[in-house]
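Peer 1: If you're matching them up, the sequences are chains D and U in order. Numbering-wise (the numbering used here), the first sequence opens with residue 38 and increments by one. Numbering-wise (the numbering used here), the second sequence opens with residue 38 and increments by one. Note that beta-carbon positions come from the ideal geometry of N, C-alpha and C, so glycine has one too.
Protein chains: 2
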Amino acid sequence: MTAIQVDRLVRAQALLRRKNIDALLVSQPHNRRYLSGYTAPDHGIQETSGFLLIPGDGQPFLLTDSRFTLQAEAEAPLYRVELYSKGLIKLLERLQKKIGFRALAFESDYFLHSAFLRLADFCAKNRLILRPESGLIEQMRLIKDEDELRLLRQSTALNEQVFQSVHRTIEPGMTEREIALAIELTMREMGAEGPSFDTIVAFGTNAARPHAVPTDRELQAGDLVLIDMGLVFKGYCSDMTRTFVFGKPDQTYIDRHRLVRRAMLAGLGAIRAGVTGAAVDRAARQVLADGGYGNAFGHGLGHGVGIAVHEEPRLSPRWRKQLRAGMVVTVEPGLYLADWGGIRLENMAVVTEQGCEVLNRDTTGLDL
Amino acid sequence: MTAIQVDRLVRAQALLRRKNIDALLVSQPHNRRYLSGYTAPDHGIQETSGFLLIPGDGQPFLLTDSRFTLQAEAEAPLYRVELYSKGLIKLLERLQKKIGFRALAFESDYFLHSAFLRLADFCAKNRLILRPESGLIEQMRLIKDEDELRLLRQSTALNEQVFQSVHRTIEPGMTEREIALAIELTMREMGAEGPSFDTIVAFGTNAARPHAVPTDRELQAGDLVLIDMGLVFKGYCSDMTRTFVFGKPDQTYIDRHRLVRRAMLAGLGAIRAGVTGAAVDRAARQVLADGGYGNAFGHGLGHGVGIAVHEEPRLSPRWRKQLRAGMVVTVEPGLYLADWGGIRLENMAVVTEQGCEVLNRDTTGLDL
Numbered sequence: 038m039t040a041i042q043v044d045r046l047v048r049a050q051a052l053l054r055r056k057n058i059d060a061l062l063v064s065q066p067h068n069r070r071y072l073s074g075y076t077a078p079d080h081g082i083q084e085t086s087g088f089l090l091i092p093g094d095g096q097p098f099l100l101t102d103s104r105f106t107l108q109a110e111a112e113a114p115l116y117r118v119e120l121y122s123k124g125l126i127k128l129l130e131r132l133q134k135k136i137g138f139r140a141l142a143f144e145s146d147y148f149l150h151s152a153f154l155r156l157a158d159f160c161a162k163n164r165l166i167l168r169p170e171s172g173l174i175e176q177m178r179l180i181k182d183e184d185e186l187r188l189l190r191q192s193t194a195l196n197e198q199v200f201q202s203v204h205r206t207i208e209p210g211m212t213e214r215e216i217a218l219a220i221e222l223t224m225r226e227m228g229a230e231g232p233s234f235d236t237i238v239a240f241g242t243n244a245a246r247p248h249a250v251p252t253d254r255e256l257q258a259g260d261l262v263l264i265d266m267g268l269v270f271k272g273y274c275s276d277m278t279r280t281f282v283f284g285k286p287d288q289t290y291i292d293r294h295r296l297v298r299r300a301m302l303a304g305l306g307a308i309r310a311g312v313t314g315a316a317v318d319r320a321a322r323q324v325l326a327d328g329g330y331g332n333a334f335g336h337g338l339g340h341g342v343g344i345a346v347h348e349e350p351r352l353s354p355r356w357r358k359q360l361r362a363g364m365v366v367t368v369e370p371g372l373y374l375a376d377w378g379g380i381r382l383e384n385m386a387v388v389t390e391q392g393c394e395v396l397n398r399d400t401t402g403l404d405l
Numbered sequence: 038m039t040a041i042q043v044d045r046l047v048r049a050q051a052l053l054r055r056k057n058i059d060a061l062l063v064s065q066p067h068n069r070r071y072l073s074g075y076t077a078p079d080h081g082i083q084e085t086s087g088f089l090l091i092p093g094d095g096q097p098f099l100l101t102d103s104r105f106t107l108q109a110e111a112e113a114p115l116y117r118v119e120l121y122s123k124g125l126i127k128l129l130e131r132l133q134k135k136i137g138f139r140a141l142a143f144e145s146d147y148f149l150h151s152a153f154l155r156l157a158d159f160c161a162k163n164r165l166i167l168r169p170e171s172g173l174i175e176q177m178r179l180i181k182d183e184d185e186l187r188l189l190r191q192s193t194a195l196n197e198q199v200f201q202s203v204h205r206t207i208e209p210g211m212t213e214r215e216i217a218l219a220i221e222l223t224m225r226e227m228g229a230e231g232p233s234f235d236t237i238v239a240f241g242t243n244a245a246r247p248h249a250v251p252t253d254r255e256l257q258a259g260d261l262v263l264i265d266m267g268l269v270f271k272g273y274c275s276d277m278t279r280t281f282v283f284g285k286p287d288q289t290y291i292d293r294h295r296l297v298r299r300a301m302l303a304g305l306g307a308i309r310a311g312v313t314g315a316a317v318d319r320a321a322r323q324v325l326a327d328g329g330y331g332n333a334f335g336h337g338l339g340h341g342v343g344i345a346v347h348e349e350p351r352l353s354p355r356w357r358k359q360l361r362a363g364m365v366v367t368v369e370p371g372l373y374l375a376d377w378g379g380i381r382l383e384n385m386a387v388v389t390e391q392g393c394e395v396l397n398r399d400t401t402g403l404d405l
């Protein structure tokens with residue numbers, strides 16, 4: 038891993054120098070992991086596992102507390118580990134005296150307002166310039182290198198293996214919770230770090246909630262089943278949704294399913310470098326609208342996936358930036374009707390110059 | 038649940054009026070759940086499941102997006118659900134015109150700096166007063182009512198049942214990951230919502246990391262085993278640590294284990310309403326120092342537990358406020374030696390006027 042981290046550090050430091058930033062305080066856990074290799078997650082933003090302090094050149098630091106010293110030293114050999122036993126500000130004060138930065142930047146999108154107040158006070162007292170920055174490291178993460186694409190392909194393949202393995206065992210009387218639990222257990226048994234988000238298993242009308250939480254509802258023949266699942270494999274996330282009927286689907290289901298599938302294919306077909314996220318969203322949304330379900334699809338079409346399961350770019354009406362080759366996105370149109378249920382189908386794809394490479398192979402329930 | 042939420046809402050609105058706050062924007066997920074009953078968690082602060090907007094009196098609102106509409110309406114009947122399909126600021130603009138608040142407060146400890154910039158801009162344009170607030174609702178949550186204490190007792194009892202059930206199955210060759218997985222599976226099978234934090238299972242030297250992540254290390258006879266686990270039961274958390282030797286402990290282990298146990302008992306013995314968190318921490322820390330391990334205990338002695346597994350109060354050298362009856366805390370001294378391993382023992386207790394009520398009954402490995 039160290040060669041990758043050296044490369045990323047060098048690129049990050051070059052970026053800081055171009056922006057006239059003397060030092061960047063990295064608080065976002067995925068950025069922290071991406072740059073340093075340090076894998077400790079935050080248990081919520083209020084329980085940070087540490088910060089990176091990256092000067093424009095020279096020795097970078099990993100700031101943490103005694104719970105994480107050994108892990109930080111083992112995982113992030115390029116970084117010098119410093120403990121903030123008397124608080125972050127005291128440690129920054131000491132490091133500022135040592136390395137002498139004047140313009141300090143922090144990650145505005147993952148920094149609490151209350152922590153900002155303390156940092157602003159520290160900078161005012163020491164006549165330092167404090168600069169909120171947004172998306173610096175995230176921009177580096179947008180385009181996946183070959184190593185990352187390999188891990189994303191592996192993560193997706195493993196996720197499909199888990200899905201297919203559990204799909205075979207589904208039978209009447211099983212509850213949504215039981216299936217979700219079996220999925221998350223199988224993920225770990227098959228070598229995943231864990232789920233990349235809370236697994237969604239929803240039967241019938243429960244599937245009308247795009248973010249349904251599994252309940253004790255029991256599966257009956259004829260129920261539609263929506264499963265949205267993803268796992269983390271060596272730090273990289275997968276995300277896939279399948280909807281199928283347990284038993285024989287009626288014509289209403291078949292028609293609606295085919296419409297959502299056409300919307301997914303339209304979305305995938307619209308992807309290529311240079312097209313905006315909004316345009317891809319529109320291509321899929323139009324299919325649903327033309328089918329008479331323009332109001333039944335309330336969320337965006339998709340999102341970037343990498344170390345984070347939800348990251349930029351977004352495929353949504355509001356994301357007007359262009360896609361670039363090497364980005365990885367989900368395409369997940371859905372149709373939600375409170376009194377009936379919901380259908381969502383989701384694949385992942387790598388944006389290429391000419392179009393996209395779909396990462397998924399599983400076709401369970403798709404060919405209806 | 039609604040009677041509890043009415044009571045909490047009434048108390049929150051009285052608090053706002055005392056503070057001259059016209060409306061409070063609640064972003065912290067536990068505060069959101071505590072006040073409204075809406076259980077959706079945040080998938081990280083960058084993926085909020087919604088906000089409460091609570092005026093000093095009258096109708097409160099729950100602001101979310103279309104993924105959560107049905108869940109919000111079902112779980113939070115006191116709140117009027119509003120969707121921010123065009124962004125939070127647009128919705129706040131509309132609601133401000135409707136209910137006419139002038140002084141808007143937000144939760145500084147769970148509000149991103151970048152979101153604050155947008156909110157500040159909105160307030161400046163509309164000549165509103167924007168007030169960062171800290172700990173308003175958290176202060177309400179500090180003292181648990183009888184209903185909450187009942188759930189915390191149940192959560193602890195269930196956590197112990199899970200521990201004992203898995204403890205019986207531990208045998209040589211099992212890995213840390215396998216045991217952690219069995220624990221989290223058993224939690225769900227026995228009716229928990231899930232773990233309240235990532236389960237720690239650490240053998241031998243791995244236990245020298247207070248926040249060890251389970252590995253594929255296999256258990257051997259004579260290894261020390263540290264298990265730190267907690268679950269969520271009906272929204273309330275438990276947290277317990279046990280350390281034991283698989284096989285026959287040597288005298289070094291026995292001596293160190295007894296020392297940590299004495300430290301835990303000293304901590305529990307020091308708890309009562311009116312004593313500071315720092316004093317309780319000191320009582321336990323002194324035992325370890327007197328035993329010659331003053332430098333081997335790097336973290337605080339304990340923390341509050343409720344809807345959040347880590348909340349105020351803190352038992353730590355820096356927490357100089359007094360404990361009050363009805364607070365619930367962990368007491369978890371430890372001793373960590375990189376070349377040898379670690380021992381941590383942790384119970385939970387309710388602070389009372391005269392002392393404390395220990396919630397734990399399990400004595401596995403304690404009576405050494």
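Hey, which unbroken runs of the beta strand (DSSP E) at 3 residues or more fall wholly within the segment 313-342 of chain D?
Peer 2: For the segment 313-342 of chain D, whole beta strand (DSSP E) runs of length 3 or above, ordered along the chain, are 339-341.
Peer 1: Counting C-beta neighbours from all protein chains within 10 Å, is the total for Thr289 (chain U) 16 or more, i.e. buried, or is it exposed?
Peer 2: With fewer than 16 Cβ atoms within 10 Å of its Cβ, Thr289 (chain U) is classed as exposed.
Peer 1: For Leu128 (chain U), report the span of its alpha helix (DSSP H) as first-last.
Peer 2: Leu128 (chain U) -> alpha helix (DSSP H) spans Leu125 to Ile136.
Peer 1: List the endpoints of the continuous alpha helix (DSSP H) containing Ile41 (chain D).
Peer 2: Residues Thr39 to Arg55.
Peer 1: Give me the Cα-Cα distance between Val388 (chain U) and Met224 (chain U), rounded to the nearest whole angstrom.
Peer 2: Going by the C-alpha atoms only, they are around 27 Å apart.
Peer 1: Pull up the distance between the alpha-carbon of Asp235 (chain U) and that of Ala345 (chain D), whole angstroms please.
Peer 2: The alpha-carbon atoms of Asp235 (chain U) and Ala345 (chain D) are separated by roughly 18 Å.
Peer 1: How far does the beta strand (DSSP E) with Val366 (chain U) in it extend, from its first residue to its last?
Peer 2: Val365 to Val368 is the span of the beta strand (DSSP E), which, as asked, contains Val366 (chain U).
Peer 1: Taking only three categories from DSSP, how would you classify Leu261 (chain U)?
Peer 2: Residue state, collapsed to three classes: strand.
Peer 1: At a CB-CB cut-off below 8 Å, which residues of chain D make contact with Leu107 (chain U)?
Peer 2: By Cβ distance, chain D contributes Ala245, Arg246 and Ala375.
Peer 1: Confirm, please, whether the CB-CB distance from Gly341 (chain D) to Val365 (chain D) is below 9 Å.
Peer 2: Yes, the Cβ-Cβ distance between Val365 (chain D) and Gly341 (chain D) is below 9 Å.
Peer 1: Looking at chain U, which residues of the segment 168-197 of chain D have a Cβ within less than 8 Å of any of its Cβ atoms?
Peer 2: Listed in sequence order: Pro169 and Ser171.
Peer 1: Looking only at its own chain, which residues have a Cβ that is under 8 Å from the Cβ of Asp102 (chain D), when we skip the five neighbours before and after it?
Peer 2: Only Gly87, Leu120, Tyr121 and Ser122 meet the Cβ criterion.
Peer 1: Reducing DSSP to helix, strand and coil, say where Tyr273 (chain U) ends up.
Peer 2: Tyr273 (chain U): strand per DSSP, three-state reduction.
Peer 1: Counting C-beta neighbours from all protein chains within 10 Å, is the total for Ala249 (chain D) 16 or more, i.e. buried, or is it exposed?
Peer 2: Buried is the call here.
Peer 1: At a Cβ threshold of 9 Å, is Ala321 (chain D) touching chain U?
Peer 2: Not one chain U Cβ lies under 9 Å of Ala321 (chain D).
Peer 1: Within this structure, are the beta carbons of Phe148 (chain U) and His67 (chain D) separated by less than 9 Å?
Peer 2: Cβ atoms of Phe148 (chain U) and His67 (chain D): not closer than 9 Å.
Peer 1: Does any residue of chain D bring its CB to less than 9 Å from the CB of Asp102 (chain U)?
Peer 2: For Asp102 (chain U), the answer is yes, since a Cβ of chain D falls inside 9 Å of its Cβ.
Peer 1: Is it true that the CB of Leu99 (chain D) sits closer than 9 Å to the CB of Leu46 (chain D)?
Peer 2: Contact flag unset, no.
Peer 1: Residues in its own chain within less than 7 Å of Ser145 (chain D) by CB, not counting five upstream and five downstream?
Peer 2: Within the same chain, Ser145 (chain D) has close Cβ partners Pro169, Glu170 and Ser171.
Peer 1: According to the Cβ coordinates, are Arg246 (chain U) and Leu89 (chain D) closer than 9 Å?
Peer 2: No, they are not a contact pair.
Peer 1: Distance, Cα to Cα, Val118 (chain U) vs Gln50 (chain U)?
Peer 2: Those two C-alpha atoms are separated by around 18 Å.
Peer 1: Curious, which full-length beta strand (DSSP E) runs of at least 3 residues does the segment 214-265 of chain U contain?
Peer 2: If we require 3 residues or more, the beta strand (DSSP E) runs fully inside the segment 214-265 of chain U come out as 237-240.
Peer 1: Which chain D residues sit within Cβ distance under 9 Å of Tyr147 (chain U)?
Peer 2: Chain D residues near Tyr147 (chain U): Gly81, Ile82, Gln83, Leu149, His150 and Ser151.
Peer 1: Kindly indicate the opening and closing residues of the alpha helix (DSSP H) around Phe183 (chain U).
Peer 2: The amino acid occupying residue 183 (chain U) in the given sequence is Glu; Phe does not appear at that position. Here the alpha helix (DSSP H) through Glu183 (chain U) covers Glu183 to His204.
Peer 1: If you pair each beta-carbon of the segment 308-316 of chain U with each one of the segment 383-403 of chain U, do three or more pairs fall below 8 Å?
Peer 2: In short, these stretches touch, since the Cβ pair count reaches three.
Peer 1: Give the list of continuous alpha helix (DSSP H) stretches no shorter than 4 residues that lie fully inside the segment 67-121 of chain D.
Peer 2: Qualifying alpha helix (DSSP H) stretches, in chain order: 106-112.
Peer 1: In chain order, what residues of the same chain lie with their CB nearer than 7 Å to the CB of Met229 (chain D), ignoring the 5 residues before and after it?
Peer 2: One point to set straight first is that residue 229 (chain D) is Ala, not Met, in the sequence displayed. Around Ala229 (chain D): Leu195, Leu268, Val269 and Phe270.
Peer 1: With 9 Å as the threshold, decide whether the Cβ of Arg214 (chain U) is near any Cβ in chain D.
Peer 2: Interface residue, yes.
Peer 1: In chain order, what residues of the same chain lie with their CB nearer than 7 Å to the CB of Ala113 (chain U), ignoring the 5 residues before and after it?
Peer 2: Only Ser73, Gly74, Tyr75 and Leu99 meet the Cβ criterion.
Peer 1: List the residues of chain D whose Cβ lies closer than 8 Å to the Cβ of Phe234 (chain U), in chain order.
Peer 2: Going along chain D in sequence order, the residues near Phe234 (chain U) (Cβ under 8 Å) are His80.
Peer 1: Which of helix, strand or coil does DSSP assign to Leu61 (chain U)?
Peer 2: Three-state DSSP puts Leu61 (chain U) in a strand.
Peer 1: In this structure, how does DSSP classify Arg293 (chain U) when only helix, strand and coil are distinguished?
Peer 2: Helix, per DSSP.
Peer 1: So which residues on chain D does Gly272 (chain U) lean against when the C-beta distance must stay under 9 Å?
Peer 2: Those do not exist, as Gly272 (chain U) stays about 13 Å from chain D at its closest Cβ, beyond 9 Å.
Peer 1: Given a limit of 7 Å on CB to CB distance, which residues of the segment 327-347 of chain D reach chain U?
Peer 2: Listed by position, the residues of the segment 327-347 of chain D near chain U (Cβ gap below 7 Å) are Gly335, His336 and His347.
Peer 1: Just the Cα atoms here: how many angstroms apart are Ile180 (chain D) and Gln65 (chain D)?
Peer 2: Spanning the two alpha carbons is a distance of roughly 18 Å.
Peer 1: Please report how far the alpha carbon of Ile91 (chain U) lies from the alpha carbon of Ala109 (chain U), in whole angstroms.
Peer 2: So the alpha carbons of these two residues sit roughly 15 Å apart.
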